[in-house]
Each structure stands twice: as structure tokens, then as C-alpha cells.
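J.:
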Amino acid sequence: MSDFARRVSAEFLGSLLLAALVVGSGIAAQQLSPGDVGLQLLENAIATALGLFAIILVFAPISGAHFNPVVSLVDAALGCRPWRDVAAYVPAQVLGCVTGAVVANLMFALPAASVSGTERLTAPHLLAEVIATAGLVLVIFSLVRSGRANLAPAAVGAYIGAAYFFTSSASFANPAITIGRMFSDTFAGIAPSAAPGYVAAQLVGGLLGFVLVRLFYPAAGHGVGAAAAKAVEPATALR
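Given below as C-alpha cells:
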């Protein structure tokens with residue numbers, strides 16, 4: 011397998027695992043804590059934060075562990091990732107997240123795909139997605155551009171876990187996972203009518219995050235791919 015194919019495959023598999031852990035933990039939370047939405051959200055957030063930390067550690071040395079079109083776009087806009095990679099990463103991320111949602115449904119004996127009926131499209135939800143995505147971009151690239159990429163897996167997991175609670179949208183912050191979650195009518199699902207607005211808000215958030223990164227960290231970095239690989243070197247993996 012060529013290096014390029016390996017990177018794209020890593021983005022597909024990592025995105026699959028991300029969607030499976032988000033959707034699957036949401037289903038499990040519904041079954042384990044029926045009627046207690048707060049506890050369900052807490053269970054979903056903890057599983058997502060820990061799982062995201064793990065899969066970033068696994069795939070960062072290969073592809074940069076983006077699993078998110080916004081991260082890939084910002085990485086390229088900062089001059090750290092070839093646009094050729096982005097053109098392949100984004101479809102792989104979307105397909106991976108859709109597949110991951112299907113896998114999660116099947117693991118819990120549900121129909122392989124079911125269209126979500128959860129409406130989330132309000133102005134506060136869209137604002138939350140702008141803020142959540144901008145914050146995610148700032149967390150990732152501030153670490154990369156300041157020589158602290160070894161902290162990125164833990165920081166990203168912690169940020170997403172926290173954003174489940176400080177945003178009204180529970181922090182999708184990712185167009186690929188937003189699309190994938192349309193295919194599961196469960197706790198983590200989102201209605202197709204709401205998804206385009208979420209994606210648009212996430213792209214705006216990505217642009218805002220890009221501006222903030224350039225403002226506060228103007229020095230050129232080495233990109234998520236090269237720098238994040240340092241996060242899994244034995245001496246720094248769990249620092």
C-alpha cells in the first residue's frame with residue numbers, strides 16, 4: 011500500500027471508529043440510564059472523550075488523525091497539508107462516519123440505518139456549533155504551532171468532552187460526524203433537515219478558528235500530520 015493510500019485509509023478507519031463510539035455510546039447510555047437525559051449525556055461525553063484520545067494516538071503518526079473535514083481544510087490553509095490530501099481525506103472521513111453509525115446500529119441489534127428525527131436546528135444551536143468548532147481548531151493548532159503537539163490527543167479529547175456540556179448543541183464540531191449521525195435515530199442522531207445548517211456553522215467556526223490561530227500563533231508550524239506524530243513517541247505518549 012502506498013503512503014498516500016495508507017493515510018486515506020487511516021482517515022476512513024479512524025472516522026469509522028469515531029462515529030461508532032459516539033453513536034454506540036449514545037445507544038448504550040439510553041439503555042443503561044433510561045429516562046435520565048443528563049446521565050445519558052455524561053456517559054456519552056465520557057466515552058467520546060476517552061475514545062477520541064485513543065484513536066488519535068493510534069492514527070496520528072499515519073494521517074494526522076483529523077477525522078474532520080474542518081481540521082483538514084485548516085491544515086491545508088495554513089500550508090501544512092497538500093490540498094491533494096484534503097480532496098481524498100474529506101470523502102474518506104464522511105464515508106467512515108456513515109459506516110461507523112451503521113456499525114453502531116448493528117452492534118445494538120437496531121436496523122443498519124434509520125433516519126434520525128431529532129431536530130436540533132435553532133439559532134442558539136448554530137451559534138454553539140460555530141463556537142465549538144472554532145475552539146476545537148484553536149486547541150489543535152495552538153498546540154501544533156507552539157511545539158506542544160504531544161498534548162493534542164488528550165487536549166482534544168478533554169475539549170470535546172467538556173464541549174458536550176458548555177454548548178447547547180453538545181458539540182458536533184465536525185461535518186463528517188454530523189452527516190454520519192443522520193443515519194441513526196438514537197440518542198446521538200440529528201435530523202437531515204438540521205444537518206446542512208450545522209455543517210455551515212461548523213465551516214464558519216473553522217474559518218473563525220483559522221483567523222484566531224493566525225492571530226495568536228503566526229509562526230508557521232509543521233502541520234497536524236507531522237507534528238501530531240510526536241504525540242505517540244514512547245517518551246511523550248502519556249505525558
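In our numbering, the protein residues as written are 11 to 249. From the three backbone atoms N, C-alpha and C, an ideal C-beta is built for every residue, glycine too. Here the structure is a predicted model, which means the values were calculated and not measured.
Please classify S203 as buried or exposed, where buried requires at least 16 other C-beta atoms within 10 Å of its C-beta.
T.: Per the 10 Å Cβ criterion, exposed.
J.: Cα-Cα, which of S19, S82, A111 is closest to T188?
T.: Answer by Cα proximity: A111.
J.: Do F226 and V84 come within 8 Å of each other at the CB atom, strictly closer than that value?
T.: It is not a contact, given that the beta carbons lie outside the stated cut-off.
J.: Got a sec? Which residues, its chain only, sit under 7 Å from T143 by beta carbon, not counting five neighbours each side?
T.: V80, A183, Q212, G215, G216, G219.
J.: Looking only at C-alpha atoms, which of L26, L116, S124, V18 sits nearest to I72?
T.: Taking only the C-alpha atoms, the option nearest I72 is V18.
J.: In whole angstroms, give me the CA-to-CA distance for N78 and G106.
T.: Spanning the two alpha carbons is a distance of roughly 11 Å.
J.: Alpha carbon to alpha carbon, what distance is there between A173 and S181?
T.: When rounded, the distance between both Cα atoms is 6 Å.
J.: For S126, collect the residues of the same chain with a Cβ closer than 7 Å to its Cβ; drop the 5 residues on either side in sequence, then sort them by chain order.
T.: Closer than 7 Å at the Cβ level, and outside the excluded window around S126, lie R191, M192, S194, D195, G199, I200, A201.
J.: Determine the direct distance from the alpha carbon of L153 to that of N160, and round the result to whole angstroms.
T.: C-alpha separation (whole angstroms): 8 Å.
J.: Please classify G145 as buried or exposed, where buried requires at least 16 other C-beta atoms within 10 Å of its C-beta.
T.: When all chains shown are included, G145 counts as buried.
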